[in-house]
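Peer 1:
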Amino acid sequence: MVPISLSKIFDEFPERRYIMFGGKGGLGKTTFSAATAYYLAKQGKRVLVFSVDPQASLSDIFKKDIFGKGPTEIMPNLYAQEIDADRRVKEYQQEIRKKILDMYGMEKIPDEIESYIQAAAAEPAMEESAIFDEVVDIVVHGGYDYYIYDLVPLGHALYYLSMASVYDEWIDKITNLRQQMREYDQVAAVMKRDKEIDEDAILNELLYIKERINKSSGILTDKEKTAFFFVLTPEEMIINDTLKAAELFAKFDVPLSGYIINRVLPPELKSQQIPEYLKNRLAMQDKYLKVIDEVFKGQILASVPEMERDVTGLGMIEKLADKMFY
Amino acid sequence: MNQITTSMTKYMSDHPKLKYIFFGGKGGVGKTVMAGTAALWAAKQGKKTLLASTNPVHSLSNLFEKDVFGKAAVVCDDDRCFAFEIDTKDTIERSKQEIREKINWFLRFADLTTKADDFVESATMNPAFEESAMFENMTDIMFEDKYDFYVFDTAPTANARRLLGMSKVYSLWVEKMLKSREEAKSLREMLSFSKKNEADPLMDYLLSFKDRMARAQSLLTNDQLTAFFFATLPESLPIAVITRFINWFYEFGIPVGGVVVNGLIQQDQVANDSPEFVLNRVKMQNEHMEEIWQIFGDKVRAVIPLFETEVKGARMVNRMVDYLFKP
Numbered sequence: 072m073v074p075i076s077l078s079k080i081f082d083e084f085p086e087r088r089y090i091m092f093g094g095k096g097g098l099g100k101t102t103f104s105a106a107t108a109y110y111l112a113k114q115g116k117r118v119l120v121f122s123v124d125p126q127a128s129l130s131d132i133f134k135k136d137i138f139g140k141g142p143t144e145i146m147p148n149l150y151a152q153e154i155d156a157d158r159r160v161k162e163y164q165q166e167i168r169k170k171i172l173d174m175y176g177m178e179k180i181p182d183e184i185e186s187y188i189q190a191a192a193a194e195p196a197m198e199e200s201a202i203f204d205e206v207v208d209i210v211v212h213g214g215y216d217y218y219i220y221d222l223v224p225l226g227h228a229l230y231y232l233s234m235a236s237v238y239d240e241w242i243d244k245i246t247n248l249r250q251q252m253r254e255y256d257q258v259a260a261v262m263k264r265d266k267e268i269d270e271d272a273i274l275n276e277l278l279y280i281k282e283r284i285n286k287s288s289g290i291l292t293d294k295e296k297t298a299f300f301f302v303l304t305p306e307e308m309i310i311n312d313t314l315k316a317a318e319l320f321a322k323f324d325v326p327l328s329g330y331i332i333n334r335v336l337p338p339e340l341k342s343q344q345i346p347e348y349l350k351n352r353l354a355m356q357d358k359y360l361k362v363i364d365e366v367f368k369g370q371i372l373a374s375v376p377e378m379e380r381d382v383t384g385l386g387m388i389e390k391l392a393d394k395m396f397y
Numbered sequence: 002m003n004q005i006t007t008s009m010t011k012y013m014s015d016h017p018k019l020k021y022i023f024f025g026g027k028g029g030v031g032k033t034v035m036a037g038t039a040a041l042w043a044a045k046q047g048k049k050t051l052l053a054s055t056n057p058v059h060s061l062s063n064l065f066e067k068d069v070f071g072k073a074a075v076v077c078d079d080d081r082c083f084a085f086e087i088d089t090k091d092t093i094e095r096s097k098q099e100i101r102e103k104i105n106w107f108l109r110f111a112d113l114t115t116k117a118d119d120f121v122e123s124a125t126m127n128p129a130f131e132e133s134a135m136f137e138n139m140t141d142i143m144f145e146d147k148y149d150f151y152v153f154d155t156a157p158t159a160n161a162r163r164l165l166g167m168s169k170v171y172s173l174w175v176e177k178m179l180k181s182r183e184e185a186k187s188l189r190e191m192l193s194f195s196k197k198n199e200a201d202p203l204m205d206y207l208l209s210f211k212d213r214m215a216r217a218q219s220l221l222t223n224d225q226l227t228a229f230f231f232a233t234l235p236e237s238l239p240i241a242v243i244t245r246f247i248n249w250f251y252e253f254g255i256p257v258g259g260v261v262v263n264g265l266i267q268q269d270q271v272a273n274d275s276p277e278f279v280l281n282r283v284k285m286q287n288e289h290m291e292e293i294w295q296i297f298g299d300k301v302r303a304v305i306p307l308f309e310t311e312v313k314g315a316r317m318v319n320r321m322v323d324y325l326f327k328p
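In the order they appear, the protein sequences are chains A and B.
Per the numbering used here, the first sequence starts with residue 72, numbered consecutively.
Per the numbering used here, the second sequence starts with residue 2, numbered consecutively.
(1) So, is B/SER219 buried or exposed, given that buried needs 16 or more other C-beta atoms within 10 angstroms?
(2) Alpha carbon to alpha carbon, how far is B/GLN46 from B/ASP15?
(3) Opposite B/PRO306 in the DSSP bridges: which residues?
(4) Output, in chain order, the set of chain B residues within a Cβ distance shorter than 7 Å of A/LEU349.
(5) I need the straight-line Cα distance from B/CYS77 to B/ASP118, nearest angstrom please.
(6) Which value, in whole angstroms, describes the spacing of the CA atoms of A/MET72 and A/GLY369?
(7) If I follow the unbroken alpha helix (DSSP H) through A/PRO181, where does it start and stop?
(8) Using a Cβ-Cβ cutoff of less than 6 Å, which residues in the same chain neighbour B/GLU66 once the five nearest sequence positions on both sides are dropped?
(9) My guess is that A/LEU129 and A/GLU153 are in contact by the Cβ rule of under 8 Å, so how many angstroms apart are they, rounded?
(10) Between the C-alpha atoms of B/PRO157 and B/VAL242, what's the straight-line distance to the nearest angstrom?
(11) Measuring only the C-alpha atoms, how far is B/LYS325 from A/MET177?
(12) If you drop the 5 nearest sequence neighbours on each side, which residues of the same chain put their C-beta closer than 8 Å to that of B/LEU265?
(13) Which residues bound the alpha helix (DSSP H) around B/GLN98?
(14) Applying a beta-carbon distance threshold of less than 8 Å, which residues of chain A neighbour B/THR310?
(15) I'd like the span of the beta strand (DSSP E) that includes A/GLU91, first residue to last.
(16) Compare the Cα-Cα distances from A/GLN356 to each of A/TYR215, A/VAL335 and A/THR102 and report the closest residue.
(17) Taking a cut of 7 Å between CB atoms, which residues from the stretch 375–397 of chain A lie near chain B?
(18) From the DSSP output, which residues share a beta bridge with A/ILE331?
(19) Going by the beta-carbon positions, is the gap between B/ASP88 and A/GLN344 smaller than 8 Å?
(20) Can you list the residues of chain B that A/ILE171 reaches, using a CB-CB cut of under 8 Å?
(21) Is there contact between the stretch 29–46 of chain B and the stretch 80–97 of chain B, where contact requires at least three CB pairs shorter than 8 Å?
(22) Decide if B/PRO17 is buried, meaning its Cβ has at least 16 other Cβ atoms within 10 Å, or exposed.
(23) Looking at chain A, which residues of the stretch 24–53 of chain B have a Cβ within less than 7 Å of any of its Cβ atoms?
(24) Report the rounded CA-to-CA distance for A/PHE367 versus A/LEU303, giving the unit in angstroms.
(25) Just reading off the alpha helix (DSSP H) that B/PHE363 is part of, what are its end residues?
(26) What residues in the stretch 332–348 of chain A bring their beta carbon closer than 9 Å to a beta carbon of chain B?
(27) At a CB-CB cut-off below 9 Å, which residues of chain A make contact with B/GLN267?
(28) From this set, A/GLN165, A/THR246, A/LYS390 and A/TYR215, which residue's C-alpha is nearest A/VAL120's C-alpha?
(29) So, with DSSP's three-state summary, where would you put B/TYR12?
(30) If you drop the 5 nearest sequence neighbours on each side, which residues of the same chain put their C-beta closer than 6 Å to that of A/ILE268?
(31) Here's the rule: buried if 16 or more other CB atoms are within 10 angstroms of the residue's CB, otherwise exposed. What is A/PHE100?
(32) What does DSSP give as the partner residues of A/PHE138 in its beta bridges?
(33) If distances are taken between C-alpha atoms only, which option among B/VAL262, B/LYS27 and B/GLN267 comes closest to B/LYS301?
(34) Please list the partners that B/ASN273 has in chain A, where partner means a Cβ-to-Cβ separation under 9 Å.
(35) Relative to chain B, which residues along the stretch 290–316 of chain A have a C-beta separation below 9 Å, given in chain order?
(36) Under 8 Å between C-beta atoms, does A/ILE268 make it to chain B?
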């Protein structure tokens with residue numbers, strides 16, 4: 072079966088500006104993100120490809136250390152960014168210290184408080200909100216025609232997507248509790264005038280966070296603006312896992328644009344003198360390519376061959392982009 | 002150097018007390034298969050073995066073609082080998098219930114009429130809650146001590162590092178909480194005329210929690226009991242990833258058992274007249290093998306050939322044992 076072309080999707084839906092690749096770890100999501108960014112940049116679009124994964128490999132793929140350096144130009148129109156969550160967490164800590172010093176007119180943070188601040192930094196929730204903040208900053212800031220999210224491995228991507236709604240609910244709850252507390256406090260409010268102003272500031276901060284979250288989670292599930300592609304390979308376990316994951320994504324209302332098959336061995340090898348392992352692999356792939364055809368009927372957007380060496384550096388990225396977009 | 006100095010088998014015999022092993026690495030390098038293989042090997046050594054998955058997307062059931070979600074079941078001919086995919090939902094519900102009870106107790110203790118539900122909801126909806134629930138689950142399994150040997154098919158390693166890093170933080174937090182609880186308790190005793198020194202379940206919980214964390218940390222950082230192995234392919238991205246991971250683990254004082262290379266094309270299957278495609282891939286792999294020997298050197302424990310089909314089912318995993326644990 073000849074797949075519908077991937078480039079056609081981009082031509083037909085120019086308003087889909089937020090591009091994501093999902094799938095199990097190690098199937099080629101980051102590589103596809105890089106190649107898609109390359110293709111769009113060559114078309115004259117301004118593109119940012121960014122990674123929120125602490126296992127990020129954009130630096131390795133572009134052969135340029137971009138970790139924590141903000142959007143970095145790779146070539147004209149193509150920018151790449153790897154988010155350094157640790158640095159953001161350090162900035163939070165600095166902010167907290169400054170607030171404490173200002174608020175209490177202290178010269179130095181007491182040791183006891185300092186150890187609290189240190190401990191809080193290692194909370195996983197801190198890292199998550201740092202990542203979330205960075206992503207929201209990027210999206211809200213604007214300035215690019217296309218944003219390509221290099222998503223973390225499946226389970227984490229789901230987690231990340233569900234997080235948006237969880238945070239939303241969480242903040243709702245806290246906001247409500249705070250509002251209730253304010254009502255109880257009203258009697259004493261006159262006496263604690265300053266304090267009441269502080270409380271309001273906190274409430275305002277929560278509402279501000281909520282607005283930002285709504286904006287970014289809105290984009291993730293916006294069928295008009297978002298294209299989500301699933302990457303898979305012709306192997307039984309991968310097909311099963313992909314089906315499981317696609318179901319879960321549907322639950323989160325993520326608009327699936329289609330599937331891309333990766334690591335397909337070049338069929339012309341069959342007629343050549345090839346080693347035993349390759350003969351068997353070809354036979355196995357043939358079997359599962361048929362399964363994929365049946366299971367994902369009409370939703371396969373591209374079938375990308377296994378490259379003869381790993382995709383790092385612009386030369387190999389160009390080669391891969393040529394195979395993806397024809 | 003370009004040969005194995007300490008094989009997987011030798012490492013195991015050098016560490017006879019080894020009880021907890023973990024597999025990490027980039028997605029798609031074969032972590033689950035390695036973990037399955039190590040579990041089968043341990044069972045063959047006569048050890049009652051548990052292979053547990055803490056990954057949010059499980060694949061053990063798929064690997065062994067048997068449903069092990071939420072319950073441990075025997076997965077091979079050898080009835081000493083069990084596999085188990087941890088059901089997070091279940092754990093979360095249980096933790097929620099525990100927290101609800103504790104908050105209710107506290108509210109009664111403090112003579113407050115507020116309902117616990119709102120607090121419980123807002124505390125457990127916190128996204129980090131699931132992660133710590135998973136960690137607790139893992140330590141529960143370790144403490145239960147029902148098996149002689151444990152193999153964890155770890156979640157992607159960044160997560161594992163964070164979880165382990167957390168145990169230090171946990172004890173710091175708990176100490177702080179204990180201190181303020183002590184203060185609150187003595188204040189209350191001072192204020193109450195009638196009540197005698199009463200039991201404090203919340204304090205008991207915090208204390209036992211602190212103990213558990215300290216115990217988990219001492220197990221996980223003991224290089225006689227625990228080892229983290231890292232799997233890679235002879236390709237640049239997976240190598241880069243585990244190079245980073247291994248450095249992190251050293252920082253945390255977590256014992257690194259070594260590196261396992263997977264998916265090496267067998268030279269004897271390749272001839273000079275093989276197609277360009279094959280020769281190029283072999284050339285690439287050779288370059289990356291050089292890199293692997295250079296970076297990891299005597300930490301390489303095994304080099305496993307590329308199999309002609311995907312590894313699936315107990316029989317295939319069984320075949321892998323001879324490769325991962327070469328005599």
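The beta-carbon is built from N, C-alpha and C at its ideal position, and this holds for glycine as well.
Peer 2: A quick look at the data gives this:
(1) Taking the first residue of the second sequence as position 1, residue 219 of chain B is located at position 218. B/SER219 should be labelled exposed.
(2) Against the second sequence, residue 46 of chain B aligns to sequence position 45. Against the second sequence, residue 15 of chain B aligns to sequence position 14. Spanning the two alpha carbons is a distance of roughly 15 Å.
(3) As a working note, residue 306 of chain B is residue 305 in the second sequence. According to DSSP, which records beta bridges pairwise, B/PRO306 is partnered with B/LEU265.
(4) Locating residue 349 of chain A in the first sequence gives position 278, where the first residue counts as 1. Simply VAL279.
(5) The sequence position of residue 77 of chain B within the second sequence is 76, counting from 1. The sequence position of residue 118 of chain B within the second sequence is 117, counting from 1. Whole-angstrom Cα-Cα distance: 45 Å.
(6) Walking along the first sequence from the start, residue 72 of chain A turns up at place 1. Walking along the first sequence from the start, residue 369 of chain A turns up at place 298. Residue confidence for A/MET72 is low, a pLDDT of 47 falling below 50, so the modelled location carries little weight; the figure read from the coordinates is stated next. If you take the alpha carbons of A/MET72 and A/GLY369, they lie about 9 Å apart.
(7) Position 110 of the first sequence, counting from 1, holds the residue named residue 181 of chain A. Run containing A/PRO181: none; DSSP gives neither H nor E here.
(8) By one-based count along the second sequence, residue 66 of chain B stands at place 65. Here the set comprises GLY314.
(9) What you label residue 129 of chain A is simply residue 58 of the first sequence in a count that begins at 1. What you label residue 153 of chain A is simply residue 82 of the first sequence in a count that begins at 1. With 8 Å as the limit, A/LEU129 and A/GLU153 qualify as a contact, their Cβ atoms being about 5 Å apart.
(10) Position 156 of the second sequence, counted from the first residue, corresponds to residue 157 of chain B. Position 241 of the second sequence, counted from the first residue, corresponds to residue 242 of chain B. The pLDDT assigned to B/PRO157 is 48, lower than 50, so where the model puts this residue is not dependable; a value taken from the coordinates is nonetheless given after this. The straight-line gap from Cα to Cα measures roughly 11 Å.
(11) Here residue 325 of chain B is taken as the residue at index 324 of the second sequence, counted from 1. Here residue 177 of chain A is taken as the residue at index 106 of the first sequence, counted from 1. Reading off the sequence, residue 325 of chain B comes out as Leu, not Lys. Straight-line Cα distance between these residues: approximately 60 Å.
(12) Here residue 265 of chain B refers to the residue found at position 264 when the second sequence is read from its first residue. So the qualifying residues of the chain are PRO235, GLN286, MET290, VAL304, ILE305, PRO306 and LEU307.
(13) Here the question's residue 98 of chain B lines up with position 97 in the second sequence. From DSSP, the alpha helix (DSSP H) with B/GLN98 extends over 89–110.
(14) Within the second sequence, residue 310 of chain B is the residue found at index 309, counting from 1. Residues of chain A passing the Cβ test: ASN351, ARG352 and MET355.
(15) Locating residue 91 of chain A in the first sequence gives position 20, where the first residue counts as 1. Here residue 91 of chain A turns out to be Met, not Glu, going by the sequence shown. From DSSP, the beta strand (DSSP E) with A/MET91 extends over 89–93.
(16) One-based indexing of the first sequence puts residue 356 of chain A at position 285. Nearest option by C-alpha distance: A/VAL335.
(17) GLU379, ARG380, ASP381 and THR383
(18) Walking along the first sequence from the start, residue 331 of chain A turns up at place 260. Bridge partners of A/ILE331: A/VAL302 and A/ALA373.
(19) As a working mapping, residue 88 of chain B is identified with position 87 in the second sequence. As a working mapping, residue 344 of chain A is identified with position 273 in the first sequence. Their beta carbons are not under 8 Å apart, which means B/ASP88 does not touch A/GLN344 by this criterion.
(20) If you number the first sequence from 1, residue 171 of chain A lands on position 100. Within 8 Å Cβ-Cβ: nothing; A/ILE171 doesn't reach chain B, min ~16 Å.
(21) yes
(22) Residue numbering aside, residue 17 of chain B sits at position 16 when the second sequence is read from its first letter. When all chains shown are included, B/PRO17 counts as exposed.
(23) LYS27, GLY28, GLY29 and VAL30
(24) To locate residue 367 of chain A, count along the first sequence from 1; it is residue 296. To locate residue 303 of chain A, count along the first sequence from 1; it is residue 232. Taking the straight line joining both Cα atoms gives about 11 Å.
(25) Outside the modelled stretch of chain B, which goes from 2 to 328, sits residue 363 of chain B, for which no answer is possible.
(26) Within the stretch 332–348 of chain A, those residues whose Cβ lies closer than 9 Å to any Cβ of chain B are, in chain order, LEU336, PRO337, GLU339, LEU340, GLN343, GLN344, ILE345, PRO346, GLU347 and TYR348.
(27) By 1-based counting over the second sequence, the position of residue 267 of chain B is 266. Contact of B/GLN267 with chain A by beta-carbon distance below 9 Å involves PRO346, GLU347 and TYR348.
(28) For the purposes of this step, residue 120 of chain A is taken as residue 49 along the first sequence, with counting starting at 1. Among A/GLN165, A/THR246, A/LYS390 and A/TYR215, the Cα nearest to that of A/VAL120 is on A/TYR215.
(29) One-based indexing of the second sequence puts residue 12 of chain B at position 11. B/TYR12: helix per DSSP, three-state reduction.
(30) Counting from one through the first sequence, the residue named residue 268 of chain A turns up at place 197. With a pLDDT of 49 at A/ILE268, under the threshold of 50, the modelled position of that residue is not reliable, and the figure given next carries that caveat. Nothing meets the Cβ criterion.
(31) Taking the first residue of the first sequence as position 1, residue 100 of chain A is located at position 29. It is Lys, not Phe, that sits at residue 100 of chain A in the sequence shown. Buried, since its Cβ has 16 or more Cβ neighbours within 10 Å.
(32) If you number the first sequence from 1, residue 138 of chain A lands on position 67. Looking at the DSSP assignment, A/PHE138 forms a beta bridge with A/GLU153.
(33) Taking the second sequence and counting its residues from 1, the one referred to as residue 301 of chain B is at position 300. As written in the sequence, residue 301 of chain B is Val, which differs from the Lys given in the question. The candidate whose alpha carbon is nearest that of B/VAL301 is B/VAL262.
(34) One-based indexing of the second sequence puts residue 273 of chain B at position 272. Result: empty, since nearest Cβ-Cβ is about 10 Å, beyond 9 Å.
(35) Listed in chain order, the positions of the stretch 290–316 of chain A with a beta carbon within less than 9 Å of a beta carbon of chain B are THR304, GLU306, GLU307, MET308, ILE309, ASN311, ASP312, LYS315 and ALA316.
(36) The sequence position of residue 268 of chain A within the first sequence is 197, counting from 1. Bear in mind that a pLDDT of 49 at A/ILE268, under 50, signals an unreliable position, so the number given afterwards is only what the model happens to contain. A/ILE268 does not count as touching chain B.
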